[in-house]
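Structure first, then comments.
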Amino acid sequence: MERRDFLKKGLIAGLGVAVGGVTGLKAALGETKDPKLPFPYVKLDPKEIADRAYSEYFKHECCDGVFRTIIDALKEKVGGPYMGIPSLMFWYGGGGIAGWGTVCGTLNGAAAIFNLTCKDFKPMIDTLFEWYQNTQLPTYQPPVCKPGLEKFPKSVAHSPLCHVSVQRWCQVASVFFGRPILYNSKERSERCARLTATVAAKTVELLNAYHFEGFKPKPIKGRQKTKMDCRVCHEAAMKELS
Numbered sequence: 001m002e003r004r005d006f007l008k009k010g011l012i013a014g015l016g017v018a019v020g021g022v023t024g025l026k027a028a029l030g031e032t033k034d035p036k037l038p039f040p041y042v043k044l045d046p047k048e049i050a051d052r053a054y055s056e057y058f059k060h061e062c063c064d065g066v067f068r069t070i071i072d073a074l075k076e077k078v079g080g081p082y083m084g085i086p087s088l089m090f091w092y093g094g095g096g097i098a099g100w101g102t103v104c105g106t107l108n109g110a111a112a113i114f115n116l117t118c119k120d121f122k123p124m125i126d127t128l129f130e131w132y133q134n135t136q137l138p139t140y141q142p143p144v145c146k147p148g149l150e151k152f153p154k155s156v157a158h159s160p161l162c163h164v165s166v167q168r169w170c171q172v173a174s175v176f177f178g179r180p181i182l183y184n185s186k187e188r189s190e191r192c193a194r195l196t197a198t199v200a201a202k203t204v205e206l207l208n209a210y211h212f213e214g215f216k217p218k219p220i221k222g223r224q225k226t227k228m229d230c231r232v233c234h235e236a237a238m239k240e241l242s
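Residue numbers (UniProt numbering): 1 to 242.
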């Protein structure tokens, strides 16, 4: 056999093994197709979700606290398409995405839930974001409060951004407690835990209303989405420049 024929036959045989291996792998794993959205949804208890989200925050922070709590509840009650979703998929979103202070992790996790469960996911997101920006938060009260935190301050974020939301709360909290409340304080951590519970509960309330009570979310105009006040975090620098 000439060297050229030997190499040609060897290449064909090798390709056959490779193709057979891929085919066997597909057969072993099963043909996978993207599941059709939205996934089925069942009514959830906002209070139960809030309590679970509050505890989950102290394990994997805010974004996971909202997303995982609701996804795990749907895995328990619905199963099916939810079973293939990793529970820790949204751990990255803590601190405004890996600590970058961008979109609040609670909103990030909630938006993903809406995307999975609602045909009208965009106006559902609009509804939640508008509520978040204009409401005194957090409203959740844990079953057992930590010492000294029975009475707890609230603030209005006026923004969906983590760093703005946190900074506004820290300003209010510093007056409330009569001392500086910084980002790395136990009070700020408690605030974000309560906020996680509050947003998780609100997300479920909106889902229940949408799927079972005829709620029709309305989209928010673009110019309203892009309005934000950066001065809350940069006021000192602005004074230096003026």
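Heads up, the beta-carbon is just placed ideally off N, CA and C, and yes, glycines get one too.
Computed from a predicted structure; not experimentally measured.
Taking the alpha-carbon positions, what's the residue i to residue j distance?
i, j, result
"residue 108", "residue 152", "25 Å"
"residue 97", "residue 91", "9 Å"
"residue 183", "residue 172", "13 Å"
"residue 40", "residue 209", "15 Å"
"residue 43", "residue 36", "20 Å"
"residue 80", "residue 124", "23 Å"
"residue 199", "residue 106", "6 Å"
"residue 213", "residue 118", "14 Å"
"residue 68", "residue 178", "35 Å"
"residue 222", "residue 148", "42 Å"
"residue 216", "residue 180", "43 Å"
"residue 174", "residue 33", "52 Å"
"residue 114", "residue 131", "15 Å"
"residue 89", "residue 58", "16 Å"
"residue 195", "residue 120", "25 Å"
"residue 75", "residue 146", "31 Å"
"residue 225", "residue 112", "18 Å"
"residue 168", "residue 116", "31 Å"
"residue 186", "residue 143", "18 Å"
"residue 83", "residue 54", "23 Å"
"residue 211", "residue 205", "10 Å"
"residue 28", "residue 190", "For residue 28, the predicted model reports a pLDDT of 45, less than 50, meaning its position is unreliable and no value from the coordinates is stated."
"residue 176", "residue 60", "28 Å"
"residue 99", "residue 45", "30 Å"
"residue 52", "residue 122", "26 Å"
Taking Cβ positions only, does residue i come closer than 8 Å to chain C?
i, result
"residue 210", "Among the protein chains of the structure shown there is no chain C, as only one such chain exists."
Look at the Cβ atom of residue i, then the Cβ atom of residue j, and state whether they are nearer than 8 Å.
i, j, result
"residue 257", "residue 193", "Because the chain here runs from 1 to 242, residue 257 falls outside it and cannot be looked at."
"residue 94", "residue 63", "yes"
"residue 70", "residue 203", "yes"
"residue 197", "residue 73", "no"
"residue 141", "residue 159", "no"
"residue 78", "residue 110", "no"
"residue 154", "residue 137", "yes"
"residue 170", "residue 104", "no"
On the premise that residue j lies in contact with residue i, defined as a C-beta separation below 8 Å, what is that separation, rounded to the nearest angstrom?
i, j, result
"residue 245", "residue 166", "Lying outside 1 to 242, the shown extent of the chain, residue 245 is not represented and no answer is given."
"residue 219", "residue 126", "5 Å"
"residue 156", "residue 135", "7 Å"
Problem - Any alpha helix (DSSP H) of 4 or more consecutive residues that is wholly inside the stretch 117–190 - result: Every alpha helix (DSSP H) stretch that sits fully inside the stretch 117–190 and reaches 4 residues is listed by chain position as 121–134 and 162–177.
Handout entry: alpha helix (DSSP H) runs contained entirely in the stretch 92–120, provided each spans 4 or more residues
Key = Counting only runs of 4+ residues, the alpha helix (DSSP H) found wholly inside the stretch 92–120 occupies 105–117, in chain order.
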